[in-house]
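Each number in the numbering used here corresponds to the 1-based position in the sequence shown with 1 added.
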Amino acid sequence: MKDDGNGSFIGVGIAFGAAFGVAFGAVFGNVGLGIVFGASFGIVVGLAVGIFRNNKNKDQ
């Protein structure tokens with residue numbers, strides 16, 4: 002099962018981002034906006050980590 006790892010990192014990023022978004026949203030009184038912001042941030046971070054890991058693995 003060859004997996005480049007992007008999917009799993011995006012999933013973790015979204016979960017982390019959503020949890021962060023709930024906490025962030027609770028502080029600022031807008032949980033929905035916090036979740037959207039957190040999830041989109043999580044997707045970007047997940048993609049970046051996955052791409053970085055792929056590039057690192059190619060060098061070896």
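For each residue, glycine too, the CB sits at the ideal point set by N, CA and C.
Would you mind working out which of A24, A40, G30 sits nearest G12, comparing C-alpha positions?
-> Residue mapping note: residue 12 aligns to position 11 of the sequence shown, counting from 1. Out of A24, A40, G30, A40 has the C-alpha closest to the C-alpha of G12.
Using DSSP with H/G/I as helix, E/B as strand and the rest coil, what is N30?
-> As a position in the sequence shown, residue 30 is number 29, starting the count at 1. The identity of residue 30 in the sequence shown is Gly, whereas the question assumes Asn. Coil at G30, not helix or strand.
Report yes if the C-beta distance between G14 and G35 is below 8 Å; otherwise report no.
-> As a position in the sequence shown, residue 14 is number 13, starting the count at 1. As a position in the sequence shown, residue 35 is number 34, starting the count at 1. No, the Cβ-Cβ distance between G14 and G35 is not below 8 Å.
How many Å lie between G18 and G30 at the Cα?
-> Residue mapping note: residue 18 aligns to position 17 of the sequence shown, counting from 1. Residue mapping note: residue 30 aligns to position 29 of the sequence shown, counting from 1. Those two C-alpha atoms are separated by around 17 Å.
Are the beta-carbon atoms of G43 and G33 separated by less than 8 Å?
-> Stepping through the sequence shown from its first residue, residue 43 is reached at position 42. Stepping through the sequence shown from its first residue, residue 33 is reached at position 32. No, they are not a contact pair.
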